[in-house]
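Here's the structure we're looking at; comments come further down.
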Amino acid sequence: MSEGGGGVLDSGRVGRRRFLRGAAGVAVGGAGALLWRRFSIPGWQESVFVAKGVGYGGDLAGPILAGMRELGISEGEVRGKRILLKPNLVDLSEGVVHINAHPLVVGAAAEAFLRLGAGEVFVAEGTGLIRDTPMVLEACGLSVVLAEDKIRFVDLNYDDVFSVPNAGGWTALKTLAFPATLRRADWIVSLAKLKTHHWAGVTLAMKNLFGVMPGIVYGWPKNVLHYAGIGPVILDINATLKPHFAIVDGIVGMEGDGPINGSPKTVGALVMGRNLPAVDATCARIMGVDPRKVPYLAEAERRLGPIRESQIEQRGESIEPLRTDFLLHDFIPAQRGLRLSPARG
Amino acid sequence: MVKLSAEAEVVLTRCLKTIEGRAVIGGGSSGGEGGGFRPDATAWAVIAQRASGTAADSLYPAREKLAKVQASDGSVRISPDFAGTIWPTPLAVLAWQGEAPFAEAGSRATNYLLASGGLHRDRRRDDAAVAVNPRLRGWSWVTGTFSWVEPTAMAMMALSAAGHFGHPRVREGVAMLLDRQVREGGWNFGETRVYQSERTALPETTGLVMVALRDHVPRETMDRAIVYVRRIVGRHRTPLALGWCLLGLAAWGEEPEQAYGWIAECLDRQSSYGPYDTTHLALLALACMAHNSEVGPLFSGVRQ
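Below is the structure:
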């Protein structure tokens, strides 16, 4: 028998200093939002690494490791740390590579962190539409990678839960509930897919973190968050969680009616960085999308990170040769008018 | 108690032993190893243990714990800290069903379900994005949100078991579920089309709806769903998909010969995925006990 009493769902006791910093940031951030309304934060520079010519059949850990080193991630910074990889897993379609973060990219990211000396790398996800998470792992092939590489998996939908003050304040949600597993990770890595989205315009590293929110509190789908506003909630989650790193699988992305029903779009790129708005802005430009026209990215610039090209140092490959305009549908309001000028055929 | 084959007994025992080990001090069950009390896990554990023949006295502390955490409005929430998370309420109704000491708690929860539900409204011009009828009211996972398939199906099962089989809310729930059926015959979480894309069915929600609609619709209404589940059940060895598919088929008189072997394989996969949640193990236990057209009593404890 285990201890019952207060139970696993007690809230308000936040153990990790990072979350406490997030909680303390409510007042400061709120004032800051007013001061910086309509302005980006001057002088804020971030670096983003882009690897091109990458395929699922080739070496993937090498480019990821090269990118991490190029971004200044040292063995000393990672050694002994517990790394949580949060892949974008949304659907059951078997044999397709454009819907979920590819399992080989997940495995390669784990290998890269382990080669830098990570103490443990594990994978965690709380699927939004499908409650049987192992079924999704099996359908997309990630179960095979997890078994072969002996990587632990945590279903965030059924994890113990704690809540913290909403450090973003973009929605009316006073607190956000997170799975306890997040407190036990030293690094949270958003392992996203390069996709268009029919409600959010694009879904990249920031939107991928929707998937850490526990279904046990928010439902399947996480409808509480939809009612609060998808864009504002993306900002609140990122402001409160403060993820450490992002890797976007843009080897084959999705265009059109994403995040599930769109078509494959081959780009052959991996995009990574420490600052998620900067990573997402770079991804958007690669997709031929103007990040300043994606409402939640434009808003992120005020407090969470830069999205202007002048404030993002591109390492590895430059964006322009990689730019591949993703199909945007006029009948989808969230995708109208997002095209980066000039359009590419 | 249901009489089982030796093979089924072995599989069932594996599920029940783990469920028993999830009991927590103070009554009730946790969702996982070493966790604290969780109302949904507690209710599922009671439902599965009752179906397997566990005496009411042994289940009393768990039922009592559920009654203790029941809110003043009759709902049972995943935690008092998350006031809107009322989706365990129908599970509690099923766990209390037929037990005199908990009749009042069950009645309050039932009244809560009858008086509550997902948000509903008239159609709007911008509804072109989705195809479902927003006027049909079912039940939501969390208060203040839309009606979705799974909480609606569970609420209908609970209300039907509690004697409200023909209540207008239950009948509207039937209509809402039928409105959400996708083209290939099954159900997903509750969308049929978004913009120009048809949504596909999911095994677990299809099986659940087949159970919930068992006594509400004629067989021909369910034919396409049965065909869908027959086609896909053999592919799945994960707990929600397999458990609900087997229960859904059993509700309509079908029991695949390989069912117990599949459940055993599903349990074996805990070596890869870690120990399953108590709710999932309870579902698999019920799937073990499912015999032709006996699924309803497995959930309600009431033999018809």
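Taken in sequence, the protein lines are chains A and B. Be aware that the first sequence starts at -3, since it is given in my numbering, and climbs by one per residue. Be aware that the second sequence starts at 647, since it is given in my numbering, and climbs by one per residue. Positions of the beta carbon are idealized from the N, C-alpha and C atoms, including for glycine. Because the structure is a prediction, the values reported are computed rather than measured.
Measure the C-alpha to C-alpha separation of residue i and residue j and round it to an integer number of angstroms.
i, j, result
"glycine 207 of chain A", "valine 948 of chain B", "39 Å"
"valine 46 of chain A", "valine 220 of chain A", "35 Å"
"arginine 660 of chain B", "aspartate 55 of chain A", "42 Å"
"threonine 177 of chain A", "serine 918 of chain B", "18 Å"
"glycine 137 of chain A", "leucine 187 of chain A", "16 Å"
"alanine 931 of chain B", "arginine 180 of chain A", "32 Å"
"histidine 240 of chain A", "methionine 202 of chain A", "11 Å"
"glycine 2 of chain A", "alanine 669 of chain B", "Because the pLDDT at glycine 2 of chain A is just 26, under 50, the model does not fix this residue reliably, and the point stays unresolved."
"histidine 94 of chain A", "glutamate 251 of chain A", "9 Å"
"isoleucine 230 of chain A", "phenylalanine 322 of chain A", "22 Å"
"arginine 815 of chain B", "leucine 765 of chain B", "14 Å"
"leucine 705 of chain B", "arginine 696 of chain B", "8 Å"
"threonine 846 of chain B", "serine 89 of chain A", "10 Å"
"proline 338 of chain A", "proline 287 of chain A", "14 Å"
"leucine 854 of chain B", "alanine 274 of chain A", "43 Å"
"threonine 167 of chain A", "valine 715 of chain B", "29 Å"
"proline 902 of chain B", "alanine 755 of chain B", "36 Å"
"alanine 135 of chain A", "arginine 75 of chain A", "33 Å"
"valine 150 of chain A", "leucine 205 of chain A", "15 Å"
"isoleucine 69 of chain A", "arginine 877 of chain B", "49 Å"
"methionine 935 of chain B", "valine 840 of chain B", "38 Å"
"tryptophan 40 of chain A", "glycine 301 of chain A", "7 Å"
"serine 628 of chain B", "proline 726 of chain B", "The first residue shown for chain B is 647 and the last is 950, placing residue 628 of chain B beyond what the model contains."
"serine 306 of chain A", "glutamate 42 of chain A", "10 Å"
"leucine 80 of chain A", "leucine 61 of chain A", "16 Å"
"valine 44 of chain A", "threonine 700 of chain B", "60 Å"
"valine 24 of chain A", "arginine 298 of chain A", "Low local confidence applies: a pLDDT of 30 at valine 24 of chain A is under 50, so the model's placement there is unreliable, with the coordinate-based value given in what follows. Their backbone Cα atoms lie some 13 Å apart in a straight line."
"proline 255 of chain A", "glycine 51 of chain A", "21 Å"
"glycine 899 of chain B", "threonine 852 of chain B", "16 Å"
"methionine 822 of chain B", "valine 873 of chain B", "21 Å"
"serine -2 of chain A", "tryptophan 833 of chain B", "Residue placement at serine -2 of chain A is flagged as unreliable, the pLDDT there being 33, under the threshold of 50; the coordinate-derived value follows with that caveat. Cα to Cα, the separation comes out at about 37 Å."
"arginine 271 of chain A", "arginine 767 of chain B", "Per the sequence shown, residue 271 of chain A should be read as asparagine rather than arginine. Distance between the alpha carbons of asparagine 271 of chain A and arginine 767 of chain B is about 41 Å."
Got a sec, what are the start and stop residues for the alpha helix (DSSP H) residue i sits in?
i, result
"threonine 347 of chain A", "Outside the shown range of chain A (-3 to 341) lies residue 347 of chain A, about which nothing can therefore be said."
"arginine 770 of chain B", "Note, arginine 770 of chain B: premise wrong, no alpha helix (DSSP H); not H, not E."
"threonine 320 of chain A", "Where threonine 320 of chain A is concerned, there is no enclosing alpha helix (DSSP H), given that its DSSP letter is neither H nor E."
"serine 698 of chain B", "Per DSSP, serine 698 of chain B belongs to no alpha helix (DSSP H) and is neither H nor E."
"serine 917 of chain B", "916 to 919"
"methionine 268 of chain A", "No alpha helix (DSSP H) contains methionine 268 of chain A, which is instead part of the beta strand (DSSP E) from 259 to 269."
"glutamate 796 of chain B", "795 to 807"
"valine 855 of chain B", "849 to 858"
Quick one: give me the first and last residue of the beta strand (DSSP E) that residue i is part of.
i, result
"histidine 926 of chain B", "No beta strand (DSSP E) contains histidine 926 of chain B, which is instead part of the alpha helix (DSSP H) from 924 to 935."
"phenylalanine 158 of chain A", "157 to 161"
"histidine 193 of chain A", "183 to 193"
"threonine 199 of chain A", "197 to 199"
"aspartate 151 of chain A", "148 to 151"
"phenylalanine 45 of chain A", "42 to 48"
"glutamate 901 of chain B", "It is not in any beta strand (DSSP E) - glutamate 901 of chain B carries neither H nor E in the DSSP assignment."
State the CB to CB distance for the pair residue i and residue j, rounded to an integer number of angstroms; the pair is presumed to be in contact (CB under 8 Å).
i, j, result
"lysine 289 of chain A", "glycine 333 of chain A", "6 Å"
"valine 263 of chain A", "isoleucine 282 of chain A", "6 Å"
"valine 198 of chain A", "alanine 265 of chain A", "Wrong, their Cβ atoms sit about 15 Å apart, outside the cutoff."
"glutamate 121 of chain A", "leucine 152 of chain A", "6 Å"
"leucine 324 of chain A", "aspartate 276 of chain A", "About 16 Å; that fails the 8 Å criterion."
"threonine 798 of chain B", "tryptophan 785 of chain B", "5 Å"
Item checked: the stretch 867 to 886 of chain B contacting the stretch 918 to 935 of chain B, beta-carbon criterion three pairs below 8 Å -> yes
Margin query: Closer than 8 Å is the cut-off here; do at least three beta carbon pairs connect the stretch 821 to 831 of chain B with the stretch 101 to 110 of chain A?
Written below: no
Check: In chain order, what residues of the stretch 896 to 922 of chain B put their CB closer than 8 Å to some CB of chain A?
Finding: Arg915, Ser918, Tyr919, Gly920
Notebook entry, point to check: If contact means a Cβ-Cβ distance below 8 Å, which residues of the stretch 778 to 789 of chain B contact chain A?
Noted result: Per Cβ criterion, the list reads Ser786, Trp787, Val788.
Next item on the list: Could you list the residues in the stretch 715 to 731 of chain B with a C-beta less than 8 Å from some C-beta on chain A, going in chain order?
Entry: For the stretch 715 to 731 of chain B, which is checked against every Cβ of chain A, the residues closer than 8 Å are Ile724, Ser725, Asp727, Phe728, Gly730, Thr731.
Margin query: Closer than 9 Å between beta carbons: that is the criterion. Which residues of the stretch 833 to 854 of chain B meet it against chain A?
Written below: Asn834, Phe835, Gly836, Glu837, Val840, Tyr841, Gln842, Ser843, Glu844, Arg845, Thr846, Leu848, Pro849, Glu850, Thr851
Margin query: What are the residues in the stretch 159 to 181 of chain A lying within 8 Å of chain B by C-beta distance?
Written below: Ser159, Ala173
Check: Are the stretch 699 to 717 of chain B and the stretch 670 to 687 of chain B touching, with three or more C-beta to C-beta distances below 8 Å?
Finding: yes
Notebook entry, point to check: Touching or not, the stretch 241 to 255 of chain A and the stretch 159 to 178 of chain A, by the rule of three or more beta carbon pairs under 8 Å?
Noted result: no
Check: When Cβ atoms are compared, which residues of the stretch 871 to 896 of chain B fall closer than 8 Å to chain A?
Finding: His882, Arg883, Thr884, Pro885, Leu886, Ala887
Check: Between the stretch 743 to 755 of chain B and chain A, which residues of the former have a C-beta closer than 8 Å to a C-beta of the latter?
Finding: none
Notebook entry, point to check: So does the stretch 742 to 762 of chain B actually touch the stretch 798 to 810 of chain B, counting three or more Cβ pairs closer than 8 Å?
Noted result: yes
Check: the stretch 144 to 160 of chain A: which residues have C-beta closer than 7 Å to a C-beta of chain B, in chain order?
Finding: Phe149, Tyr154, Asp156, Ser159
Check: What residues in the stretch 308 to 327 of chain A bring their beta carbon closer than 8 Å to a beta carbon of chain B?
Finding: His325, Phe327
Next item on the list: May I ask you to list, following chain order, the residues of the stretch 107 to 126 of chain A that have a beta carbon less than 7 Å from some beta carbon of chain B?
Entry: Leu125, Ile126
Next item on the list: Mind checking the stretch 216 to 238 of chain A against chain B and listing, in chain order, the residues whose C-beta falls within less than 7 Å of any C-beta there?
Entry: Listed in sequence order: Trp216, Pro217, Asn219, Val220, Tyr223.
Item checked: Contacting positions in the stretch 691 to 712 of chain B - beta carbon closer than 7 Å to chain A -> none
Notebook entry, point to check: Quick one, which residues of the stretch 790 to 822 of chain B are near chain A if we go by CB-CB under 9 Å, in chain order?
Noted result: Gly790, Thr791, Phe792, Trp794, Glu796, Pro797
Margin query: Can you pull out the residues from the stretch 131 to 143 of chain A whose beta carbon lies closer than 8 Å to at least one beta carbon of chain B?
Written below: Met131, Leu133, Glu134, Ser139, Leu142, Ala143
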